[in-house]
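See structure below.
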Amino acid sequence: MSPRETSTEEPAAEVVCTGVRRVFLGGVVAVGGATIRIEPGEFVAFLGPSGCGKSTLLRMIAGLDRPTSGRVEVGETDPCNRSVPIAFVFQDSHLLPWRTVLDNAALPLELLGVNKSERRAIAREVLRDVELADAADRIPAELSGGMKMRVSLARALVTKPRLLLLDEPFAALDELTRNRLDDRLRTLWRERGTTMIFVTHSITEAAYLAGRAIVFSKRPARIVSDRALDLGTDRTADLRGTAEFAAAVRTLQKDLEAADA
Amino acid sequence: MRDAPSSLANSLFLRTARSAASKTLPPFVALVVFLLTWEIGVRWLGVAAYLLPPPSAILSAAKRDAINLLMGAWTTAKTALFGFALSGVLGVLAAVILSSARVIERAFYPYTVFLQTVPIVAIAPILAVWFGPGFLAVSVCAFIVSVFPVIANTVTGLRSVDPALKDLFRLYGASRWASLVKLTLPSALPNIVTGLRIAGGLSVIGTLVGELFAGFSEGAPGLGIVVQTAAKQLKTDLLFAAVFSATFLGLLLFGVVNAVGSRVLGRWHPSEKLDQSEIES
Amino acid sequence: MNRRTFVYTTAVFGLAALAGCGNSQSGSGSGSGDGKAKVKLALNWVPEPEFGGFYAAREDGSFAKHNLDVEILPGGAGVPVVQMVAGGQADFGISGADEILTARARGANVVGVFAIYQRAPLAIMARGDRIQSMADVFASGTVALEPGLAYSLFLKKKYGFDKVKIVPYDGGVARFLAENDYAQQCFVTSEPIAVKKKGASPKVFLVADEGFNPYQGVVIVSQATWQSKAELVKRFVLASREGWQKYLDDPSKANGVMAKLNTAMDAETFAEAAKAQKDLISTAETAQKGLGAMTKDRWETIAKQLVELGVVEKAPNVDEAFAVL
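If you want it as structure tokens, here you go:
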């Protein structure tokens, strides 16, 4: 099958946060002591009011920011060392407008020093996974919002990351496109088994996607609840109509209301 | 069926021609109206030709002194172009160095404003002493006058790089050089083009002023010298002809920068894509 | 004249501005409170000894005696005096015979009425043992000249510029002091004194000695003023003549006044310049005819030379270009 499954490398990394605090210059406390353990291959949603600090926590897990106190470990190393391949999907697609879709998707490999033909071959393959093989030679200005986001996703996947972090990636898209992308993301997760952390403020999105939801309070972010969502592995649009889904949404709703109080 | 492509090409051609006409016609008409008003106004009011000659007199002066004007324009164009190139290269380089570290920017950026405020009439004679009068000294005048907008705009562009993309490059451990070449400079390109557009006109002005103090040593005297000579001898018609030639040079440089800029930027700028979608529909 | 009419590109704007207000009058001859005629005199450079007589006339009451209230407008680089006088922004102005004739050829009708310099103070200064004459100046090296000037065209015709490098005159003396084989145009009362103060010993050659000697420091009025207010012009000329005589006798008082207006020049330089220009102003001819005198012969010579040099296409009628008062 695909080369990834023959890889001897562990496809997924665990994430351990121990008493992580982040205080910004000027004394604003963004994250106030978070302790989380995420098992390899888990799909976790971070839920919370907007601006609560969950994105800051995600950046610290990515190694883009450092905790003021406490410790973050990804695959038993400091993420700032970049010894474990981590990918990050931003709130918007953030593509390089002067590059083709293919070269945008290949960018991470380029920065890691992979030669041109090899990185393009890999990028083509990933583009096929997000159904953009035909658009490889187009430029971002010629793409719709959903297509751009899929390029962004392909770019994140191109390094075969062991941890994929997504910061409200589909928030700017219309609902139909968003649902489609949610399904695509679920599929990719199932195929690859990568650990995924998905930050959102949409309860239904969290419930639909994740196997586990952690709800944060408003700033400074503290963990209000940490629940497993037992909604099965095969999730389709029908799930949204079921009683279990409604119950899960209701529970998270209550947690979130408590968080915002 | 067979002639469909040709009729398509035909209609495309018509459309292009029409759109070109709709772009060039209004300014052309405005110019003609302006020149006519000038010609008639000057004659009607009896304004002395040594104060404000009518366009017809300027045109005949331009014909009479065509050789002087053309040679002068060539000298001025060469010098301005070199000064402009210096501005482009050194301006962008300076901006990159300035934005390489906050400390450097804080320490040196305020002093680049000096370049904008430096009285070129005072500096030009000194440049002539340093470099010897002629091409190089005048080019440096053009450079001094035109480099600031390049620096200022490039710094703005380098500063406004998408922070998420900076994070992305950091995430993959990109080197400073890779970030500069693959992210920061291309991101700043629209601003750099804006800076170059302004610098184009300024380099011509800098050349004209520079010529008065530091030019003239070899080759044909530039347009600045032609302007000065005409003023001295009260040949106001020739003076205007030389001024218009210089203006034309400035516009030409502006136009070239614009054309190259939109060719380079057009590919990723959404507004430039409209034509294509029109064709597709 | 040399740097006094040095034209920067700003002259273009000056012309445009003048074109816009060409008909405004400066109120020549309009009475002031005490019955004196208020007039304006536009200088073509900053207050320096070359205008000393006018300041003397003002300070010692010569203007007042002739019932004139004169406002002196100091000039500077690029002040278009001829256009100002022709356009009526000033009643009187200072120019040169060559410029007056050129202006008339272009339709700016101004009339010269009083010539301060009988011999043109226009000169070339150079340094080095090699140079013993004007011809040596143009034998090699670099010469800074203002392009388009009648006398630089004259020198070009006479000596040719093939062996020298011609560079634009920049109004200063920095390059003269910095470079060796370097000559430049000058005003005998100004730059040579300045470079001597810096320790250089310049050799100065008058263009007048080469055969080009237009009257300089010429008081001009517009043709209209001359025709309608001849009496006023006459009073101005008489007062100026008295002022200049006083200045030649003792320049110290007027120099003191000008030194306050032109702080860039020190008292010593004022005194030296006043001394240096004396022989150019007071000659055998003026002893006979009075200061400021002009002859038709001289005007015709310069008119002929301007045609030969190609500055004007046709010699203007010199009878209308100047008036002896």
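Residue numbers (our numbering), protein chains in the order written: chain U, 34 to 294; chain P, 424 to 704; chain H, 2 to 326.
For glycine and all other residues, C-beta sits at the position ideal for the given N, C-alpha and C.
Just so you know, these numbers come straight off a predicted model, no measurement behind them.
Check: Three-state secondary structure (DSSP) of residue 72 of chain H; Outcome: strand
Check: Nearest-angstrom Cα separation, counted from residue 119 of chain H out to residue 245 of chain H; Outcome: 13 Å
Check: Test item: CB-CB of residue 45 of chain H and residue 236 of chain H under 8 Å; Outcome: no
Check: Cα-Cα separation between residue 678 of chain P and residue 262 of chain H, rounded to whole angstroms; Outcome: 47 Å
Check: Contact residues within the segment 148 to 176 of chain H, judged by C-beta distance below 7 Å to chain P; Outcome: 148, 149, 150, 166, 167, 168, 169, 171, 173, 175, 176
Check: For residue 233 of chain U: DSSP bridge partner residues; Outcome: U/80
Check: Test: residue 595 of chain P CB closer than 8 Å to a CB of chain U; Outcome: yes
Check: Cβ pair count under 8 Å reaching 3, the segment 96 to 113 of chain H against the segment 672 to 689 of chain P; Outcome: no
Check: Three-state secondary structure (DSSP) of residue 1 of chain H; Outcome: Residue numbering for chain H in the displayed model covers 2 to 326; residue 1 of chain H lies beyond these limits and cannot be assessed.
Check: Close-in-space but distant-in-sequence residues of the same chain around residue 257 of chain U (CB under 7 Å, 5 per side omitted); Outcome: 248, 249, 250, 288, 291, 292
Check: Own chain, CB closer than 7 Å to residue 26 of chain H, minus 5 neighbours either side, in chain order; Outcome: Confidence at residue 26 of chain H is low in this model, with a pLDDT of 46, below 50, so the placement of that residue should be treated as unreliable; the coordinate-derived value is given next. The residues are 89.
Check: C-beta contact flag for residue 572 of chain P and residue 631 of chain P at 8 Å; Outcome: no
Check: CB contact below 8 Å: residue 76 of chain U versus chain P; Outcome: no
Check: Residues in the segment 480 to 494 of chain P having any Cβ partner in chain H nearer than 9 Å; Outcome: none
Check: Residues within the segment 446 to 477 of chain P neighbouring chain H, beta-carbon criterion of under 7 Å; Outcome: 470, 471, 472, 473, 474, 475
Check: Residue 61 of chain U classed as buried or exposed, judged by whether at least 16 other C-beta atoms fall within 10 angstroms; Outcome: exposed
Check: Contacts that residue 127 of chain U makes with chain P (C-beta to C-beta distance below 8 Å); Outcome: 585, 587, 588, 591
Check: Cβ distance (whole Å) where residue 478 of chain P is taken to contact residue 461 of chain P below 8 Å; Outcome: 6 Å
Check: Interface flag, residue 637 of chain P vs chain U, CB-CB below 8 Å; Outcome: no
Check: Own chain residues within Cβ distance below 6 Å of residue 443 of chain P, not counting five before or after; Outcome: none
Check: With 16 other Cβ atoms within 10 Å as the buried cut-off, status of residue 259 of chain U; Outcome: exposed
Check: Option nearest residue 252 of chain U by Cα separation, candidates U/49, U/72, U/88, U/68; Outcome: U/88
Check: Counterpart residues of residue 289 of chain H in DSSP-defined beta bridges; Outcome: Note: residue 289 of chain H sits in no beta bridge, so no partner.
Check: Test: residue 548 of chain P CB closer than 8 Å to a CB of chain U; Outcome: no
Check: Nearest-angstrom Cα separation, counted from residue 106 of chain H out to residue 137 of chain H; Outcome: 34 Å
Check: Chain H within 8 Å of residue 657 of chain P, Cβ atoms only; Outcome: yes
Check: Reference residue 174 of chain U, options U/192, U/130, U/144, closest by Cα; Outcome: U/130
Check: Bounding residues of the alpha helix (DSSP H) (the contiguous stretch that carries residue 64 of chain U); Outcome: Residue 64 of chain U -> not in any alpha helix (DSSP H); beta strand (DSSP E) instead, spanning 62 to 71.
Check: Assigned secondary structure, residue 169 of chain H (DSSP; H/G/I helix, E/B strand, else coil); Outcome: strand
Check: Whole-Å CB distance - residue 656 of chain P paired with residue 635 of chain P, under 8 Å assumed; Outcome: 15 Å between Cβ atoms; not a contact.
Check: Best match in U/76, U/100, U/232 for proximity to residue 66 of chain U [C-alpha to C-alpha]; Outcome: U/100
Check: Opposing strand residues paired with residue 327 of chain H [DSSP bridges]; Outcome: It is not possible to answer for residue 327 of chain H, since the shown part of chain H is limited to 2 through 326.
Check: Every unbroken alpha helix (DSSP H) inside the segment 593 to 623 of chain P [4 residues or more]; Outcome: 599 to 602
Check: Host beta strand (DSSP E) of residue 473 of chain P (start-end); Outcome: From DSSP, residue 473 of chain P is part of no beta strand (DSSP E); its letter is neither H nor E.
Check: Where residue 609 of chain P meets chain U, residues with beta-carbon distance less than 8 Å; Outcome: 129, 131
Check: Between the CA atoms of residue 593 of chain P and residue 142 of chain U - distance to the nearest angstrom; Outcome: 13 Å
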